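Participant:
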Amino acid sequence: MESGKIKNNQLEASSSKGKHDPAQARLNNEIAWIPWDNDESPRLTIILGNKYNRITGIATQGSARGKGWVRYYKLEYSSATADFRKAYQNNTFEGNSDGTTTVYHNLTNASFVAAKIHFLPCSWENLVAMRVEIYGCPECHRPLGIQSGKIEDWQITMRPFRYDRYEPRPWRLLLEATGGREEAWKPYWSYRGLWFQVHFHNEYTWVTGIATQGRVTTYKLRYRRYRVWPRWYREIGQRYAKEFTGNTHENTVVHNILETPIRASVFRIYPWTWRGAIEMRMELYGCKGTADRLADHVCLYKPCKNGGTCVSDYINGNYTCVCPDGFYGDTCRLGDLCKLSNPCLNGGNCSAVRSWPYFKCTCPFNYTGFDCGFGIDNVCSANPCLNKGTCTPNNNTLGFECSCPSGYIGFNCGLPAGNPCSDNSKPCKNGGNCTQENNVLGYTCKCTSEYIGFNCGFLKDDPCFPNPCRNGGNCSREDGLQDFICNCTLGFIGKRCESEIVHGNWSRWTPWPNCNKPCNNGTRTRRRACDNPRPAFGGEKCKGLTFESERCNQEKCPAENVKYQVKLRGETWENSLAEQGSKKYAELADRIKKAVKDFYHKRNENVEVDELNFKGGSVICSFNVTYDSIDSLQIVSFLEEIAGGLLGDIPVELREIETSNVPQQAPVVLEPKSSKSTSIVIKWSKNHSDQTLGHMIVYKEANKKFTTNTTKSVPLDTSEAMLEDLKKFTNYTIRVFAFSSKGNGVPSVAFTVRTQEDVPSEPPPDIVVKSTSSSTIHVSWGRISQAFVHGILMGYEVSYTKDDESPAWENKTLDANAHETVLSDLEYFTPYKVVICARTSQGCGKNVSRSATTFGD
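Residue numbers (the numbering used here): 13 to 869.
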């Protein structure tokens, strides 16, 4: 909403009062949406137009001027563009208690997919006034191109097919059969182990769903990524591959959603059961992205549990979960037992550890045991011996010894006297072999080479040793024991706690600038930026405004009389022009008065023109213009009009200008120079009277008009200024004039200077990188828009390398008219990374990366 990505035509309301229409309902807007007072069911609607938008948060404000705000409201949504609405959990949301404070609601634990969102005010202060923002992301569930042909025939392979008519090409969803016969992929024989696969050749393709037609009633999926072994599709928490339900009728489309989305470069389908023979048509659903979007897709499916917040890691293409108090682990699924249940007894201090039992107790001097449950003076008072065993104090590690009754063994008589290694017990984990022994446990485990420990429960090659977690982070092993989880200390984030969470902080305010007017209620503004430091890695943004304004020079400007002398280039001298009563004098004087007044009328300014005089030679005209005040660009704009050679339709040339009160002498500008692509430095010599207070620089793009938005005021002791935030490689016209408390003076001669050349700010458009053989890749692109070049386009540069972190790059430089090239002599069946950019004399600009894999031999 605030950024404008949601357009005005996507906003609707039950009613709106005057200019307070739905388009004003954007967070931090100057005004708000306000319905009519008699609107009994006010409603603000945001139309997203896509049923795969997932909403994860909302924010509201009231009227920026404090006229009113909504205290409570409800939320409804439509999952498609139809008007059927659902109430969000029947909740009433708490809104605002003033007009300017932003109130946020996090919906990540119960996010929803919506095409329309409806805000329904329930209670308000004074009147209904709302400014809103919604947070979320587009769902990844679009056809990947089998049906449309975007996935081409060469990307589809299979294990055998019957004959050419039934090769993989007809295996596209909803393909109409020719000659009255249905077409599909039909292998020569029907047996398990046959497969059909799609090569995406893009490591960042996400698959979230599949649709099928044909005779296959169940099927399984397998996939692989670059440098990752193929694996069967399993949903999270499931041990075995999922068997998907297929078709019971040949032409009915059956959709299946992948509850656990996968990222794949090759996707393979295995028919599992079928009716009569294997025949299939299909489509895959998902989305394609690049490395910088990968982390966003991961966070899209909410990997963080127990209320954890997912933060995209754009550097590593990963994510990190910021866990709430009491939980830890890379997905916040592990709880801190010390905070949740405090298992330490008798005043023991609890600390969390990353191995079973997940806590450690520091006991008072008179207690012992893993939970401080045993008193040292009489350790047997806790009855540690089970099954009526007899306890005797002892100096061993436990502090006691149990004499067990018949039928029980073990350090605490807790094991039946039978074989502890029986199939029912299985005390040895991870494939360890159990042997009955007369020891504390009653058995001994012989572990495999990968595990150690009394029950083979500990990995020999521990990923947590040495500790990979930085900045004081604690390490624990992942479920599969091959990976690790870092529980970062406060203020750090990342897979290894390598990134410090940085909260934004304001820079110092810029100094108050000169007033933008010499009189007549001017203003001045100072600014600050949230860059000291900028927020990073999930850090909080700065709170407050980026600017402050105040009034200045509030004295009223006096009226001013300015005398102009111009040469009338299209007129011929006649003696009657010297006689003010003559017809010739009256006609020409009226034309000049009308032209001057018409010019100022277009600027909404009233002036008086009098004392017109003509003198001979060529015709020279003098006239006075009386202004109510000169607090802006009255003189500059008039001189700019005359500089074009016409005053209305009268050809003119300026000769002299004379003022009454404002500064008469114009500064002498030294040649301005561009210091870089977005700035110009201008200097002038001081040439002013005692009444001068400072100087004003006015500038514009050479083909436009001067405006008050492009001025800069500087104090009297300054004779140099830098104009910043200019357009790159653009001609600017600049003038300087002095000002006093009476108003703005006569401007200097106009100078035109061009900002310096820079590199292009955007990559070439419409880039296509496609493998064409086992040794070639074809690269094409569109012509970059001149608005993004910022200089003279010299050409394009294509760089490529094997996509295996190889440092060896090859480069091809092409001229500005080239829009395609072929990369040759490549290795077969090898992924390549290709980078394309446009270049000027300053170098290569913003680039874009694509990937393609050469064919196999």
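In this text, a Cβ means the ideal position worked out from N, Cα and C, and glycines have one as well.
Given the structure is predicted, the values throughout are model-derived calculations rather than measurements.
Does the pairing of the region 582 to 596 with the region 541 to 558 give three or more beta-carbon distances under 8 Å?
Facilitator: Result no; under three Cβ-Cβ pairs closer than 8 Å.
Participant: Excluding the 5 residues flanking E545 on each side, which residues of the same chain have their C-beta closer than 6 Å to its C-beta?
Facilitator: The displayed chain sequence assigns Pro, not Glu, to residue 545. The residues are V514.
Participant: Hey, out of G534, S277, N625 and C498, whose CA is closest to C335's CA?
Facilitator: Of the listed residues, the one whose Cα sits closest to C335 is C498.
Participant: Which full runs of the beta strand (DSSP E) of 3+ residues lie inside the region 724 to 775, going along the chain?
Facilitator: DSSP runs (the beta strand (DSSP E)) wholly in the region 724 to 775: 732 to 735, 743 to 752, 755 to 759 and 763 to 766.
Participant: Tell me the residue span of the beta strand (DSSP E) that contains V637.
Facilitator: From DSSP, the beta strand (DSSP E) with V637 extends over V631 to Y639.
Participant: Who does T257 pair with in a DSSP beta bridge?
Facilitator: The partner list for T257 (beta bridge, DSSP) reads T230.
Participant: DSSP on L352, reduced to helix/strand/coil?
Facilitator: If DSSP states are grouped into helix, strand and coil, L352 belongs with the helices.
Participant: CA-CA distance, V693 and E683?
Facilitator: Between V693 and E683, the C-alpha separation is close to 9 Å.
Participant: At what residues does the beta strand (DSSP E) containing Y252 begin and finish?
Facilitator: Segment: none, Y252 is in no beta strand (DSSP E) and carries neither H nor E.
Participant: Taking the alpha helix (DSSP H) that L651 falls in, what are its first and last residues?
Facilitator: Q646 to A655 is the span of the alpha helix (DSSP H), which, as asked, contains L651.
Participant: What residue does the beta strand (DSSP E) around R851 start on, and which one ends it?
Facilitator: Taken as a continuous stretch (DSSP letters only), the beta strand (DSSP E) holding R851 covers P843 to T852.
Participant: With respect to the beta strand (DSSP E) encompassing A864, which residues constitute its N-terminal and C-terminal limits?
Facilitator: V860 to T865 is the span of the beta strand (DSSP E), which, as asked, contains A864.
Participant: So what's S202 in DSSP terms, helix, strand or just coil?
Facilitator: DSSP places S202 in coil when its eight states are reduced to three.
Participant: Between E262 and M292, what straight-line distance do the alpha-carbon atoms span, to the nearest angstrom?
Facilitator: Cα-Cα distance, rounded: 8 Å.
Participant: Tell me where the beta strand (DSSP E) around Y116 begins and ends.
Facilitator: Unbroken beta strand (DSSP E) run through Y116: V115 to N118.
Participant: May I ask you to report which of helix, strand or coil DSSP gives F613?
Facilitator: The amino acid occupying residue 613 in the given sequence is His; Phe does not appear at that position. If DSSP states are grouped into helix, strand and coil, H613 belongs with the helices.
Participant: Whole-angstrom Cβ separation of C440 and C457, contact assumed at under 8 Å?
Facilitator: Yes, they are in contact, since the Cβ atoms of C440 and C457 sit about 4 Å apart, within 8 Å.
Participant: Can you tell me the Cβ-Cβ gap for P679 and N699, rounded? I've got them flagged as a contact below 8 Å.
Facilitator: Indeed they touch by this definition, with Cβ atoms about 6 Å apart.
Participant: So which of N616, N756, L580 and F626 has the shortest CA-CA distance to A590?
Facilitator: Nearest of N616, N756, L580 and F626 to A590, Cα basis: F626.
Participant: Give every residue of the same chain whose Cβ lies closer than 8 Å to the Cβ of R154, excluding the five residues on either side of it in the sequence, and list them in chain order.
Facilitator: Y64, Y297, G298 and C299, listed in sequence order.
Participant: Which term fits L557, buried or exposed, when burial requires 16 or more other beta carbons within 10 angstroms of its beta carbon?
Facilitator: Label assigned to L557: exposed.
Participant: With distances taken Cα to Cα, identify the nearest neighbour of F611 among T112, T723, I662 and K596.
Facilitator: Considering only alpha carbons, the answer is I662.
Participant: In chain order, which beta strand (DSSP E) runs of at least 3 residues are fully inside the region 493 to 543?
Facilitator: Complete beta strand (DSSP E) runs here, min 3: 496 to 499 and 534 to 539.
Participant: Quick one: is S5 buried, meaning 16 or more other Cβ sit within 10 Å of its Cβ, or exposed?
Facilitator: Nothing can be reported for residue 5, as the shown portion of the chain is limited to 13 through 869.
Participant: Return the first residue and the last residue of the beta strand (DSSP E) that S135 is part of.
Facilitator: Taken as a continuous stretch (DSSP letters only), the beta strand (DSSP E) holding S135 covers K128 to E137.
Participant: Cα-Cα, which of L352, K254 and G226 is closest to E295?
Facilitator: Residue G226 is the option with its Cα nearest to E295.
Participant: Would you be able to state if there are at least three C-beta pairs under 8 Å between the region 630 to 640 and the region 591 to 599?
Facilitator: As far as the Cβ criterion goes, the region 591 to 599 does not touch the region 630 to 640, which means the pair count is below three.
Participant: List the DSSP bridge partners of G69.
Facilitator: The partner list for G69 (beta bridge, DSSP) reads N118 and Y147.
Participant: Tell me where the beta strand (DSSP E) around N361 begins and ends.
Facilitator: Taken as a continuous stretch (DSSP letters only), the beta strand (DSSP E) holding N361 covers N361 to A364.
Participant: Below 8 Å, how does it come out for the region 68 to 77 and the region 155 to 162: are there three or more Cβ pairs, yes or no?
Facilitator: The answer is no - the region 155 to 162 does not touch the region 68 to 77, with fewer than three Cβ pairs under 8 Å.
Participant: So for R174, helix, strand or coil by DSSP?
Facilitator: Below a pLDDT of 50, predicted positions are generally treated as unreliable, and R174, at 45, falls in that range; no measurement from the model is reported.
Participant: Is it right to say A541 is buried, meaning 16 or more other beta carbons lie within 10 angstroms of its own, or is it exposed?
Facilitator: A541 is exposed by the Cβ-count criterion.
Participant: Check Y9 in the structure and name its three-state DSSP category.
Facilitator: A question about residue 9 goes unanswered here, because the residues of the chain that appear run from 13 up to 869.
Participant: Contact check, L132 vs Y85 under 8 Å by CB: the rounded distance?
Facilitator: The Cβ separation is near 6 Å, so the contact holds.
Participant: Once the 5 residues before and after R667 are set aside, which same chain residues still bring their CB inside 8 Å of it?
Facilitator: Excluding residues within five positions, the ones whose Cβ falls inside 8 Å are Q577, V578, K579 and I632.
Participant: Taking all protein chains shown into account, decide if L233 is buried (16 or more other Cβ within 10 angstroms of its Cβ) or exposed.
Facilitator: That one is buried.
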